[in-house]
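Report on one structure; see the data block that follows.
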Amino acid sequence: MTLKNSVSFLVAISLSFQIWAQQSATYTNNLVEYQKALTLYNNQQYLAAQSLFGSVKKSTKEDVLLSDCAYYIANCAVRLNQQNADQLIENFVKEYPTSTKRNTAYVDVADYYFENSKFAYARKWYDKVDESGLSRAEKEKFYFNNGYSAFSSKQYKEAKQYLSKVENSKEYGSQAKYYIGFMAYEGDDYDSANKYFEQVSNQEKYKEKLSYYQADLNFKLGNFEKAIQLAKARLKGSDANEVSELSKIIGESYFNLNKYAEAIPYLQAYKGKNGKWNNTDFYQLGYAHYKQGNFDKAISEFNKIIGGTNSIAQNAYYHLGESYIKLNKKQEALNAFKNASEMDFDLKIQEDAWLNYAKISYDIGNPYQSAPQVLAAYLEKYPKTAQKEEIETLLIDSYITSKNYKEALRLLEGKKSFENKVAYQKVAFYRGLEMYNESNFNEAKSLFDASIKEPRDANFTARATFWKAETDYNLSNYNDALIGFKQFQQLASSKATPEYKNLDYNLAYTYFKLKNYSQTAQFFNQFIASNKKDDKVRLNDAYLRLGDAYFVSSDYKNAISAYENAIKLSAIDSDYAFFQKVISAGYIGQDSKKIKELEQFISEYPKSKLRDDAMYELGNTYVKVNETDKAIQVYNRLNSEYKMSSFVSKALLRQGLVYYNNRNNDQALSKFKQVASEYPGTPEAIQSVATARLIYIDLGRVNEYASWVKTLNYVQVTDTDLDNATYEAAEKQYLDNNTDKAISQFNGYLNQFPSGLHAMQAHFYVGQLYYKKGLVENAAPHYKYIVDASRNEYTEEALSRLSQYYLESKNWNKAIPLLQRLEEEANFPQNVIFAQSNLMKANYQMESYSKAVLYAEKVLENSKIDNKIKADANIIIARSAMKTNNEAKAKEAYAKVEVVATGETAAEALYYNAYFKHKESKFEASNTAVQKLAKDFSGYKYYSAKGLVLMAKNFYALNDAFQATYILESVLKNFTEFDDVINEAKTELNKIKAKEAKTNSSIQAGGN
């Protein structure tokens, strides 16, 4: 080797050494810094450590050092919760795939998240770990941590998979068994849960946790005694929430052991889930009270179960019904049994509930269905029931007691058994009475006939025969009525009926209508002889009609006697009796007595409708005894005080005749012309014209007569004979009862002579004939002609008939003026009552409530009205008061209605009886009224439905939520035709459910 080469070699060696020395120093320095960073990391100073690891990473090129720094930088990022931490770990694994810390990185990150209870994050990183790269000890930790992370995330399948691998581990086994047991418990695998819990129950750290679960497990496994023992042992050291749950376990365990007394305090100590009980909780406490005989307390729990639709609810409702029965609360029991009968979870309970529901329906009535419907439905559903005979007996009787005769008839149609035919006869009779009382006489007659055709009970056959005759009488079929009353008289059973005592009275009236006055007198006398101490009103009427019968037979002495007997009773129509007695005295020549008593009548009866009649008769009698000055004075008084009386035209005519007979021709002509002008077409006008004609002839002033007559359009002298002949031909058909021919000929007369001599009579007769045939619309124009004419003898009847036509067609505006005239002008008291009673109704319909009440009060002032009119008047007062928010007055009026009303009016009154009791917080009394409404008036569905809503409000006010909600739901199901009732029921139900949902988790609040 040359020197040069040697020097070069030495220089190279020296240079290499320097470089190596420099590198060695850098590496050593990096190692020192790395160790400092590692110390910071181990002291959990992650931010400083991360920064120093970063510096080392930047200054080194050593792969191992680079890899380790990247590992710790990422690890620090995880512990510092930096946003890029996961990415740094991923980058480390990707950049250093051969690093020995790859698996450790996953484990470290997962363990970090695990230790900080971020189990979902931990699971993510445990899934990346390569199990094969772990030691045995590391694996156990990995399995437990991964399993627990899955458990905490409720991923029980994966949790069990990992925890099962360490259940025999010395370090992790106990914990693994506890969590595996808990997952089995949560999954309702109580045997497995118990097995695992038993294995760790001797360890102190699990005893506290396990005591509750083991108690609950034993309860769920049916080990009730052990459940009680474990739960009681745990009670003392528990918080309030756990005490509640343990009390539930103890209470339910005692309940299942049938130890109800012991169960009750623990069931009561339960606070519910989130402060709410559910239906099962209420059922168990209620049933425990029920088994102890504490029915009030049982009811208070059972009735909190609202809207239940499972076997527990069915049991609860059934036992609720039994509890109500024990306390004699049958209406409440009805609803409970009905609810239980509508569920089929337990068929035996369903059938028994059905039976109880049917029997109670019969006993107290049913607002949802008629009792016969319920009983018949039970027999149809359970045709082989052991109670068949009993229920069939109740069914037959229920047709009568329910008073829902319309529905009963429908149910009985086609039923052939003897018992059903007996029931049919009775029901047809009672339904006939209902139709009769509603003045539906044709339908009533048909029903009485149907009852007679099933002669199963002699008593009802007799009664139906009587009422069929009475119906014929009201239909003006007097001959048929007479036959019917005689048939009734001949029936052996008739004497035992309530109708028999009035038979003579009815026969007398029928003979009266047939104008057989001798028979009329005979039967009225028989009635009077046997009823002198009974019905004063009917006895008074009998005397009056007896007097009338004698009067029309010209037997005036007996007439006077009968009228005097009527007067002695001091009952109704004494003015009529007095007047007729006076007239009778005149007919037997006692003119002075007649004059004296007529003057007495005029003085003593200032408000009598017959007072104008009396004045007219007094004037006539003065004329008869030739005291014409007094006669003229009385006629003038009549004309002055009763300008609207039909006697005014007659009195004026009489005055004219007095003047004519006394040869005071000018005064006579003045009166005759007044009559002819003011009362055109009337018989008085015709007679006035005829008599005036004689005076003009006597005076030789024929031309003056002719001129005057031409001003009278109803006098056509040249057509007089034809007019009379045409009218008389029509009248003959009328008198012969040839209705259709009479109508035709009267119409022909009126077409030919629209202002004829007999136009007034023709219009009246044809109107009457149309009315009799039921062609009221055809009759109306003829009545209107009479009403629009001057007051005449037909005016009153025409006003009555025409106003009735407008009333039936609901034309209140046209009816009211006619009724007002009728009230003012009528001579007959019954027409005044008719006018006033319909004025109150028409004004109510027109919403003129003050006028309606005014007329109703007028009606009630009349002592002669019957109960139906009294009820109508008080109903108008009550309804008007409700419309004007005067509930105090309405209450008073409805109370009066209830005393006298029948049918739908009575149902309305009874509903308001309940309504006002509810308003006064008399909830039980209100319910009693609703029960009566359901039993006695179930046929009137609207008020039944309104009553049920009221009953629901009452029950809720009495803290019975079950009854309230069940009734409201039944209303929504059964009464959809009544919108106002449905809306009220929905509102009330939503309100109750919203309130109850606050304490019962089984209730879903919300709209319906």
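All the letters of the sequence shown, read from the start, carry residue numbers -21 to -1, 1 to 987 under mature numbering (1 follows the signal peptide of the UniProt record, and there is no 0).
Note that the Cβ used here is the ideal one computed from N, Cα and C, for glycine as well.
8 Å Cβ cutoff met for residue i and residue j
i, j, result
"Ile765", "His742", "yes"
"Ala56", "Ala49", "no"
"Phe467", "Ala487", "no"
"Phe234", "Ala267", "yes"
"Tyr621", "Val627", "yes"
"Leu801", "Asn792", "no"
"Leu968", "Ile961", "no"
"Tyr658", "Ser734", "no"
"Arg442", "Glu478", "yes"
"Ala89", "Ile68", "no"
"Asn220", "Ala206", "no"
"Ala850", "Ala821", "no"
"Ser226", "Tyr249", "yes"
Per-residue DSSP class, three states only, for residue i
i, result
"Lys255", "strand"
"Asn419", "coil"
"Asn790", "coil"
"Asn979", "strand"
"Gln352", "helix"
"Arg680", "coil"
"Phe203", "helix"
"Ala880", "coil"
"His737", "coil"
"Thr476", "coil"
"Ser667", "helix"
"Asn841", "coil"
"Met623", "coil"
"Pro346", "coil"
"Phe954", "coil"
"Asn70", "helix"
"Ala865", "It should be pointed out that residue 865 corresponds to Asn in this sequence rather than to Ala. Correct three-state label for Asn865: coil."
"Glu967", "helix"
"Val108", "coil"
"Val811", "helix"
"Gly287", "coil"
Where the alpha helix (DSSP H) containing residue i begins and where it ends
i, result
"Glu657", "Asn644 to Glu657"
"Ile228", "Ala219 to Asn235"
"Gln271", "Gln271 -> no alpha helix (DSSP H), and no H or E assigned at all."
"Gln505", "Tyr496 to Ser509"
"Glu311", "Lys309 to Ser320"
"Thr718", "Thr718 to Gln731"
"Ala924", "Lys920 to Ala936"
"Lys575", "Asp570 to Glu583"
"Met594", "Arg590 to Lys603"
"Val909", "Phe902 to Asp915"
"Ala392", "The displayed chain sequence assigns Glu, not Ala, to residue 392. That residue, Glu392, is in no alpha helix (DSSP H); it is neither H nor E in DSSP."
"Gln24", "Segment: none, Gln24 is in no alpha helix (DSSP H) and carries neither H nor E."
"Thr39", "Neither: Thr39 is in no alpha helix (DSSP H) and is coded neither H nor E."
"Ala768", "That residue, Ala768, is in no alpha helix (DSSP H); it is neither H nor E in DSSP."
"Ile539", "Tyr535 to Lys547"
Own chain, CB closer than 6 Å to residue i, minus 5 neighbours either side, in chain order
i, result
"Leu(-12)", "Confidence in Leu(-12) is poor, its pLDDT being 41 and thus under 50, which makes the residue's placement unreliable; the coordinate value appears in the next sentence. The answer is none, since no qualifying residue turns up."
"Ile379", "Lys405"
"Tyr457", "Thr489, Lys492 and Leu493"
"Asn853", "Ala872, Lys875 and Val876"
"Glu804", "Met623"
Residues near residue i in its chain [Cβ-Cβ closer than 7 Å; skip 5 each side]
i, result
"Leu388", "Val406, Ala407 and Arg410"
"Ile562", "Glu596"
"Gln(-4)", "Low confidence applies to Gln(-4): its pLDDT is 49, below 50, so where it sits in the model is not reliable, and the reading given next is rough at best. Nothing listed; no residue qualifies."
Chain-order list of residues whose beta-carbon lies under 8 Å from that of residue i (same chain, five-residue window excluded)
i, result
"Leu617", "Asp591, Met594, Tyr595, Gly598, Ser624, Phe626, Val627 and Ala630"
Evaluate contact between the stretch 320 to 340 and the stretch 934 to 950, counting only Cβ atoms and requiring at least three cross-stretch pairs below 8 Å. Contact between the stretch 320 to 340 and the stretch 934 to 950 is absent, because fewer than three Cβ pairs lie under 8 Å.
Any 3 or more C-beta pairs closer than 8 Å across the stretch 96 to 112 and the stretch 122 to 135: Cβ pair count under 8 Å is three or more, so yes.
message: Does the stretch 915 to 934 come into contact with the stretch 892 to 907, if we say contact requires no fewer than three beta-carbon pairs (one atom in each stretch) closer than 8 Å?
response: With a cut-off of 8 Å, the stretch 892 to 907 and the stretch 915 to 934 count as touching, because enough Cβ pairs lie within range.
_For the pair the stretch 321 to 328 and the stretch 351 to 369, tell me if three or more CB-CB distances fall below 8 Å._
No contact exists between the stretch 321 to 328 and the stretch 351 to 369.
inquiry  = Whether or not the stretch 530 to 538 and the stretch 555 to 571 are in contact is what I'm after, with contact meaning three or more pairs of Cβ atoms, one per stretch, closer than 8 Å; do they touch?
reply    = Cβ pair count under 8 Å is three or more, so yes.
Measuring CB atoms only, is the stretch 668 to 681 touching the stretch 714 to 730, in the sense that at least three cross pairs come out at less than 8 Å? Too few Cβ pairs lie closer than 8 Å, so no.
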